[in-house]
Amino acid sequence: MSIPTTPAAMTKEEIIEKIKGFLVEEFETDAAKITPEANLRETLDLDSLDYVDLVVVIESNFGFKVVGEDFINIHTFQDFYDYCFNKVAQKTA
Amino acid sequence: MKYALVTGGSRGIGRAICVKLAGMGYHILINFQSNVEEAEKTLELVKAKGVNGELMKFDVSRQEEVDGSLGKWMEANPDKPIEVLVNNAGIRKDNLLMWMSNKEWDTVMDIAVDGFFNVTRLIIKQMLYKKYGRVVNVVSLSGLKGLPGQTNYSASKAAVIGATKALSQEVGRRNITVNAVAPGFINTDMTKDMNEKDFKQLIPMSRFGTPEEVANVVGFLASDQATYVTGQVISVNGGLYS
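Top to bottom, those sequences are chains A and B.
According to the numbering used here, the stretch in the first sequence is residues 1 to 93, in order.
According to the numbering used here, the stretch in the second sequence is residues 1 to 242, in order.
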């Protein structure tokens, strides 16, 4: 298993671009629909099994562990970005 | 390098599966719990097929042993993804339910059901990353039909059949198949106390099966011949039950 290393100097903008990139690729979503205030689940049309794919792409791109409870407070893409910022910061701290 | 893990791989059906997968070019991780001499014999048979093998001693029912042994191996060998997992470890502790002890119930359930959970949860994540995996659970006629004197064993195998079907639906879209093989009466240590003559009248093919006949079906499910087969239970029982 290759656990990726997250560059410590990655900016928030770079993290957002990376997230958008893998979400568009994995969920075949129109990039224009991914706005900070949009609802993550509705925009990506996620059913419960899609979370398997979502967790895998997050972990394989950022290298931190994701648990199901993490998604309870994630509603919008901005929530999701904030979650990833915090996790990346914790990992590189 | 392609790796396969076979739990309960030291003897009987597990050994035959190790040898079969080795013949298919897989390097084999042979899990065993206690019988190191038999495990070493299996390792010799695996190596005779021209692949590598490693013995891995842990009790599948104990989370800390699984994580400590298999988990550490996986961390230390990120370049050796386990493509095939065969959950084969199991034991029988037969008794009529009215006389069955807590220990007889718990031990059988722990090894089959907790063992499946502990090992599979660890490996499935890696398979999800890789978008490839083959999980084969060795269950039993007992888990399909139910056999008197085996409420514990029947329940444990039926539980794994349910888990097989559920997990196959969770991971199918990432190119991971999850199937079960249900042997009937097979000539192994587990059936050595049974008189084949008494039972063969019940079996349409009129004999017990061999471990290799079970291993062949496991090998098929692990191969690229079975890419669209998932969530299935395939019986290998000489026509005894369908």
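C-beta atoms are modelled at their ideal positions from N, C-alpha and C, and glycine is treated no differently.
This structure is a prediction, so every number in the text was calculated from the model and none was measured.
Can you name, in chain order, every residue of its own chain whose Cβ lies under 7 Å from the Cβ of residue i, other than the five neighbours on each side?
{"i": "asparagine 35 of chain B", "result": "Ser10, Arg11"}
{"i": "valine 214 of chain B", "result": "Ile13, Ala16, Val181, Pro183, Ile186, Val236"}
{"i": "methionine 1 of chain A", "result": "For methionine 1 of chain A, the predicted structure reports a pLDDT of 47, less than 50, and the residue's modelled location is therefore unreliable. The matter cannot be settled from this model."}
{"i": "threonine 43 of chain A", "result": "Thr29, Lys33, Ile34"}
{"i": "aspartate 198 of chain B", "result": "none"}
So the candidates are the options; which of them puts its Cα closest to the Cα of residue i?
{"i": "glycine 53 of chain B", "options": "B:Pro78, B:Leu5, B:Glu65, B:Lys72", "result": "B:Leu5"}
{"i": "aspartate 67 of chain B", "options": "B:Lys41, B:Gly90, B:Phe117, B:Lys93", "result": "B:Phe117"}
{"i": "glutamine 63 of chain B", "options": "B:Glu40, B:Met98, B:Leu122", "result": "B:Leu122"}
{"i": "lysine 49 of chain B", "options": "B:Val19, B:Phe32, B:Pro78", "result": "B:Val19"}
{"i": "alanine 38 of chain A", "options": "A:Phe85, A:Lys91, A:His75", "result": "A:His75"}
{"i": "glycine 25 of chain B", "options": "B:Lys200, B:Asp224, B:Thr230, B:Gly231", "result": "B:Asp224"}
{"i": "glutamate 83 of chain B", "options": "B:Arg92, B:Thr42, B:Ala166, B:Leu128", "result": "B:Leu128"}
{"i": "glutamate 75 of chain B", "options": "B:Asn152, B:Lys125, B:Ser101, B:Trp99", "result": "B:Lys125"}
{"i": "threonine 177 of chain B", "options": "B:Lys131, B:Thr210, B:Ser154", "result": "B:Lys131"}
{"i": "threonine 107 of chain B", "options": "B:Thr42, B:Met98, B:Thr230, B:Arg92", "result": "B:Arg92"}
{"i": "methionine 190 of chain B", "options": "B:Thr164, B:Pro211, B:Val119", "result": "B:Pro211"}
{"i": "alanine 89 of chain B", "options": "B:Trp105, B:Gln169, B:Lys157", "result": "B:Lys157"}
{"i": "serine 60 of chain A", "options": "A:Lys12, A:Glu26, A:Glu13", "result": "A:Glu26"}
{"i": "methionine 100 of chain B", "options": "B:Gln150, B:Trp73, B:Gly71", "result": "B:Gln150"}
{"i": "glutamate 68 of chain A", "options": "A:Phe62, A:Asp50, A:Phe85, A:Phe77", "result": "Note on residue identity: the sequence assigns glycine, not glutamate, to residue 68 of chain A. Of the listed residues, the one whose Cα sits closest to glycine 68 of chain A is A:Asp50."}
{"i": "phenylalanine 22 of chain A", "options": "A:Phe71, A:Thr11, A:Asp53", "result": "A:Asp53"}
{"i": "phenylalanine 71 of chain A", "options": "A:Phe62, A:Arg41, A:Ala89", "result": "A:Arg41"}
{"i": "valine 229 of chain B", "options": "B:Gln169, B:Met205, B:Met194", "result": "B:Gln169"}
Hey, is residue i's beta-carbon within less than 7 Å of any beta-carbon in chain B?
{"i": "serine 48 of chain A", "result": "no"}
{"i": "valine 56 of chain A", "result": "yes"}
{"i": "serine 2 of chain A", "result": "Confidence at serine 2 of chain A is low in this model, with a pLDDT of 48, below 50, so its placement is unreliable and the value that follows should be read with caution. Judged by the 7 Å Cβ criterion, serine 2 of chain A is in contact with chain B."}
Quick one: residues in its chain with C-beta nearer than 6 Å to the C-beta of residue i, no 5 flanking neighbours on either side, listed in chain order?
{"i": "aspartate 114 of chain B", "result": "Ser61"}
{"i": "isoleucine 203 of chain B", "result": "Gly238, Leu240"}
{"i": "phenylalanine 64 of chain A", "result": "Lys87, Lys91"}
{"i": "alanine 161 of chain B", "result": "Looking at the sequence shown, residue 161 of chain B is not alanine but isoleucine. Around isoleucine 161 of chain B: Val139, Gly143, Ala180, Val233."}
{"i": "arginine 207 of chain B", "result": "Lys200"}
{"i": "valine 51 of chain B", "result": "Ala22, His27"}
{"i": "valine 135 of chain B", "result": "Leu85, Val178"}
{"i": "asparagine 175 of chain B", "result": "Lys131, Tyr132"}
{"i": "alanine 226 of chain B", "result": "Phe220"}
{"i": "asparagine 31 of chain B", "result": "Thr7, Gly9, Met56"}
{"i": "lysine 2 of chain B", "result": "Tyr26, Glu83"}
I'd like to know if residue i contacts chain A, where contact means its C-beta is closer than 7 Å to some C-beta of that chain.
{"i": "tyrosine 129 of chain B", "result": "yes"}
{"i": "valine 139 of chain B", "result": "no"}
I'd like the list of long-range same chain contacts for residue i, defined as Cβ closer than 8 Å, with 5 residues on each side in sequence excluded.
{"i": "serine 69 of chain B", "result": "Met56, Lys57, Phe58"}
{"i": "isoleucine 16 of chain A", "result": "Tyr81"}
{"i": "glycine 209 of chain B", "result": "Pro183, Gly184, Phe185, Ile186, Asn187, Val236, Asn237, Gly238"}
{"i": "serine 242 of chain B", "result": "Ser235"}
{"i": "lysine 20 of chain A", "result": "Ala31, Ile34"}
What first and last residue would you give for the alpha helix (DSSP H) that runs through residue i?
{"i": "asparagine 152 of chain B", "result": "151-171"}
{"i": "threonine 177 of chain B", "result": "Element bounds for threonine 177 of chain B: not the alpha helix (DSSP H) but the beta strand (DSSP E), 176-183."}
{"i": "leucine 45 of chain B", "result": "36-47"}
{"i": "valine 55 of chain A", "result": "50-62"}
{"i": "valine 60 of chain B", "result": "Segment: none, valine 60 of chain B is in no alpha helix (DSSP H) and carries neither H nor E."}
{"i": "alanine 215 of chain B", "result": "211-222"}
{"i": "phenylalanine 77 of chain A", "result": "77-92"}
{"i": "valine 51 of chain B", "result": "Per DSSP, valine 51 of chain B belongs to no alpha helix (DSSP H) and is neither H nor E."}
{"i": "isoleucine 34 of chain A", "result": "Isoleucine 34 of chain A -> no alpha helix (DSSP H), and no H or E assigned at all."}
{"i": "phenylalanine 27 of chain A", "result": "12-27"}
{"i": "leucine 5 of chain B", "result": "Per DSSP, leucine 5 of chain B belongs to no alpha helix (DSSP H); it is in the beta strand (DSSP E), 3-6."}
{"i": "aspartate 198 of chain B", "result": "196-200"}
{"i": "glutamine 20 of chain B", "result": "Correcting the residue type first, residue 20 of chain B is lysine in the shown sequence and not glutamine. Unbroken alpha helix (DSSP H) run through lysine 20 of chain B: 12-23."}
Output, in chain order, the set of chain E residues within a Cβ distance shorter than 8 Å of residue i.
{"i": "valine 171 of chain B", "result": "As a matter of chain content, chain E is missing from the structure shown, whose protein chains are A and B."}
Identify the continuous beta strand (DSSP E) that holds residue i and give its terminal residues.
{"i": "threonine 43 of chain A", "result": "Threonine 43 of chain A -> not in any beta strand (DSSP E); alpha helix (DSSP H) instead, spanning 40-44."}
{"i": "isoleucine 28 of chain B", "result": "27-32"}
{"i": "isoleucine 234 of chain B", "result": "233-236"}
Any chance the CB of residue i is under 6 Å from a heavy atom of the ligand MG?
{"i": "asparagine 86 of chain A", "result": "As far as ligands go, the structure on display features none, and thus does not contain the ligand MG."}
Legend entry - Secondary structure, alpha helix (DSSP H): runs of 4+ residues fully inside the stretch 64-142 of chain B: Every alpha helix (DSSP H) of 4 residues or more that sits fully in the stretch 64-142 of chain B is shown, in chain order, as 72-76, 102-109, 115-130.
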